[in-house]
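Novice: So the sequence shown is residues 1 to 301, counted in the UniProt record's numbering.
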Amino acid sequence: MNEWILKYMDYLKYEKRYSEHTLLNYERDVKEWFSFCQREGINEFEFDYSDVRSYLNDCYTHQLSRSTMSRKLSSLRSYYQFLLKEKQVKQNPFLIMKGPKKAETLPQFLYEEELQALFDSIDQTSILGCRNYALLELLYGTGIRVSECCQMKQSQLNVELGTVLIHGKGGKDRYVPIGEFAVEAIEAYLQRSRPQLLKKSNLETDVLFLNHLGTPLTERGVRDILSRMTNQTAKHIKVAPHMIRHTFATHLLNNGADLRSVQELLGHENLSSTQIYTHVSKEHLRQAYALAHPRARKDRK
């Protein structure tokens with residue numbers, strides 16, 4: 001790998017403290033830009049605005065989504081700012097390039113009966129089932145990001161007080177309460193399942209969730225677990241970890257929680273990041289009204 005990409009990735013990992021998922025995306029974005037430069041005969045340390053436009057046109061021909069395009073620009077803008085500070089380039093043409101506006105899409109969430117179907121699909125008597133149940137309870141009970149969940153250590157849990165310390169984005173910590181269901185599931189996992197998993201690797205680790213080999217569970221592993229849960233239900237819904245986080249926020253708002261509290265629980269720096277859930281909540285109310293109110297629709301007989 002290019003020396004400066006390695007230095008950049010170290011900067012993102014250790015100084016910016018980006019998640020594993022974000023690091024992989026940023027690394028791939030920079031490498032794809034380098035491949036484009038090589039194909040087109042562009043010097044990646046000396047290029048201009050027109051070269052950036054050519055690259056974006058190339059991305060458009062591959063029908064990339066607007067959110068992917070925006071992320072690529074963000075990755076490269078950040079990379080060349082890093083090089084600028086290190087005096088490896090004289091300018092950053094990506095700074096003046098605006099990305100496409102994201103289409104405003106409401107976050108997907110699960111209704112309570114859909115979430116219950118996931119819980120019901122888990123065999124809690126098995127070692128992995130016990131772990132999966134605790135994992136789902138923690139994801140839904142705290143609204144934690146999958147990266148935060150995979151990095152969580154046992155020492156961050158206080159089951160007696162019913163709180164968990166979450167190491168969030170950018171090194172920002174927050175305390176989040178956990179309910180009785182989650183506490184009970186986690187205690188069962190720690191007593192019955194985790195010791196059995198740990199024996200398989202002989203590792204000394206404080207990481208909370210372990211995989212079937214007894215090593216720390218990865219973000220991809222969590223996605224696979226949720227996918228298997230979904231396949232065992234009759235709901236046929238594709239569930240990703242972030243959907244559980246969306247569900248946590250939406251259910252809180254639907255049941256009367258205030259926006260500022262939800263913001264703190266999610267670890268959002270800006271309230272605007274949390275406000276999108278109010279649109280989901282309002283849409284939920286509109287649908288409930290349309291279905292239940294006798295004079296909501298003229299076509300009702």
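Note that beta-carbon positions come from the ideal geometry of N, C-alpha and C, so glycine has one too.
Just to confirm the assignment, what range does the beta strand (DSSP E) spanning Pro177 have?
Specialist: 173-177
Novice: What does Lys153 pair with, by DSSP beta-bridge criteria?
Specialist: Val207
Novice: Thinking just about the alpha-carbon of each residue, which of Phe34, Tyr55, Glu114 is nearest to the one in Met97?
Specialist: Tyr55
Novice: Grab me the residues of Tyr18's own chain with a C-beta within less than 6 Å of its C-beta, minus the 5 sequence neighbours each way, in chain order.
Specialist: Leu12
Novice: Start and end of the beta strand (DSSP E) containing Leu165?
Specialist: 163-167
Novice: Within 10 angstroms of its Cβ, does His62 collect 16 or more other Cβ (buried), or is it exposed?
Specialist: If you draw a 10 Å sphere on the C-beta of His62, you find fewer than 16 other C-beta atoms in it, and that means exposed.
Novice: By DSSP, does Glu160 sit in helix, in strand, or in coil?
Specialist: coil
Novice: Using alpha carbons as the reference points, say which of Asp120, Leu252, Glu184, Lys169 lies closest to Tyr14.
Specialist: Checked all of Asp120, Leu252, Glu184, Lys169; the closest Cα to Tyr14 is Lys169.
Novice: Which one or two residues does DSSP pair with Pro216 in a beta bridge?
Specialist: Bridge pairing for Pro216: Leu210 [DSSP].
Novice: With a cut-off of 8 Å on the beta carbons, I'd call Thr218 and Cys130 a contact; round off their distance for me.
Specialist: With 8 Å as the limit, Thr218 and Cys130 do not qualify as a contact, their Cβ atoms being about 19 Å apart.
Novice: Could you check which residue in Arg194, His242, Asp173 has the C-alpha nearest to that of Glu269?
Specialist: Asp173
Novice: Looking only at its own chain, which residues have a Cβ that is under 7 Å from the Cβ of Lys238, when we skip the five neighbours before and after it?
Specialist: Thr230
Novice: Cβ atoms of Leu83 and Phe36: under 9 Å apart, would you say?
Specialist: no
Novice: How far does the alpha helix (DSSP H) with Met97 in it reach, from first residue to last?
Specialist: That residue, Met97, is in no alpha helix (DSSP H); it is neither H nor E in DSSP.
Novice: Which whole-angstrom value describes the C-beta separation of Val146 and Gln156, a residue pair presumed to lie in contact below a C-beta threshold of 8 Å?
Specialist: In fact, because the Cβ distance is near 16 Å, the residues do not count as touching under 8 Å.
Novice: As a quick exercise: from Val222, Asn57, Thr233, pick the residue whose alpha carbon is nearest that of His242.
Specialist: Val222
Novice: What three-state label does DSSP hand Asn255 in the structure shown?
Specialist: coil
Novice: Could you please give me the residues that DSSP links to Asn43 through a beta bridge?
Specialist: Glu46
Novice: When the Cα of Thr22 is compared with those of Phe209, Glu148, Asp258, Leu253, which residue comes out closest?
Specialist: It is Glu148 whose Cα lies nearest to the Cα of Thr22.
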